[in-house]
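In the numbering used here, the protein residues as written are 5 to 277.
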Ligand code: ATR
């Protein structure tokens, strides 16, 4: 019997992780549970201290606690250390080990599309935690140069891990986009109603001949202007469900030692209630 869970704030009630992991446990014939826990900032350290007593062997961490968990963890994998954020915890007999499977999950989602990024230009929109993981993943895949575009270029510069990733303003995206192979939206906006300004900017972008893929970290938008851009360019499009499935498969392998194909997690998402 394995006991797993996820911590977040009140939004954790809408997380798809309980459904995905419960589905996979059942499909693999494993006895176990996966529960959601809503915590206020400030309650995180106390909850992690009680993790062994609660009998939880593994935990996911979602917004806004991915950074707050770090000081409570005994060890960090290189990704979690580099990003200063963990989304997966193993309770190893009371020692808490932190990992960041968002990073690998993003890389898996790019690779699953059969796209090699070595030496190719990528343009990333956004300057939050998701953008930080995306940029780190792109550099690990050998992409370059990577441009990070945000409303506040200073904030974009703050998430650059080194000279391979350069911050730009939103007004500079048209030039860079022209010879990009990959565009990733790591902002929280994908539908015109969420940001008319971003919609206008994206609708005005002219894709170059080398554009292969547009990825959006969001999902579930009926009207998605990033998908429109991909269609207009004749490029592939992938929404955030692929990354969600891939990070979940990686977390599951860490907790159980059992390798699971991200495709099983995609199936869980397709069959979600
Ligand atoms: P996460 O940690 O999940 O990435 P976040 O820190 O809230 O979430 O980051 C969301 C990103 O989307 C931010 O970079 C945000 O821009 P700012 O840094 O300027 O706040 C970006 N974002 C949100 N709404 C946006 C909009 N209307 N136009 C452009 N960028 C937007």
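Glycine is no exception: its CB is placed at the ideal position from the N, C-alpha and C atoms.
Beta-carbon proximity list for residue i, same chain, < 8 Å, skipping 5 on both sides
| i | result |
| --- | --- |
| residue 236 | 211 |
| residue 180 | 125, 127, 151, 153 and 172 |
| residue 44 | 13 |
Among the options, nearest to residue i - alpha-carbon criterion
| i | options | result |
| --- | --- | --- |
| residue 169 | 196, 102, 137 and 198 | 137 |
| residue 66 | 273, 233 and 19 | 19 |
| residue 55 | 238, 95 and 166 | 95 |
| residue 36 | 9, 44 and 16 | 9 |
| residue 266 | 17, 222 and 27 | 27 |
| residue 91 | 263, 276, 273 and 258 | 258 |
| residue 76 | 98, 83, 82 and 193 | 98 |
| residue 228 | 252, 251, 216 and 202 | 202 |
Cβ-heavy atom distance, residue i to the ligand MG, below 7 Å
| i | result |
| --- | --- |
| residue 74 | Ligands in the displayed structure: the ligand ATR; the ligand MG is not one of them. |
Sequence-distant residues of the same chain with beta carbon closer than 7 Å to residue i, five excluded per side
| i | result |
| --- | --- |
| residue 159 | 131 |
| residue 254 | 105, 108 and 109 |
| residue 72 | 45 and 48 |
Residue i: CB within 7 Å of a non-hydrogen atom of the ligand ATR
| i | result |
| --- | --- |
| residue 202 | yes |
| residue 193 | yes |
| residue 199 | yes |
| residue 128 | no |
| residue 133 | yes |
| residue 28 | no |
| residue 263 | no |
| residue 155 | yes |
| residue 124 | no |
| residue 48 | no |
Euclidean distance between Cα positions of residue i and residue j
| i | j | result |
| --- | --- | --- |
| residue 7 | residue 38 | 6 Å |
| residue 200 | residue 206 | 10 Å |
| residue 48 | residue 61 | 16 Å |
| residue 64 | residue 269 | 15 Å |
| residue 150 | residue 144 | 11 Å |
| residue 286 | residue 50 | Any question about residue 286 goes unanswered here, given that the chain covers just 5 to 277. |
| residue 68 | residue 122 | 32 Å |
| residue 189 | residue 79 | 31 Å |
| residue 164 | residue 33 | 43 Å |
| residue 156 | residue 276 | 37 Å |
| residue 261 | residue 166 | 33 Å |
| residue 113 | residue 247 | 6 Å |
| residue 214 | residue 197 | 30 Å |
| residue 120 | residue 88 | 27 Å |
| residue 288 | residue 242 | Nothing can be reported for residue 288, as the shown portion of the chain is limited to 5 through 277. |
Those residues which DSSP pairs with residue i across a bridge
| i | result |
| --- | --- |
| residue 129 | 153 and 189 |
| residue 64 | 10 and 92 |
| residue 99 | 96 |
| residue 170 | 151 |
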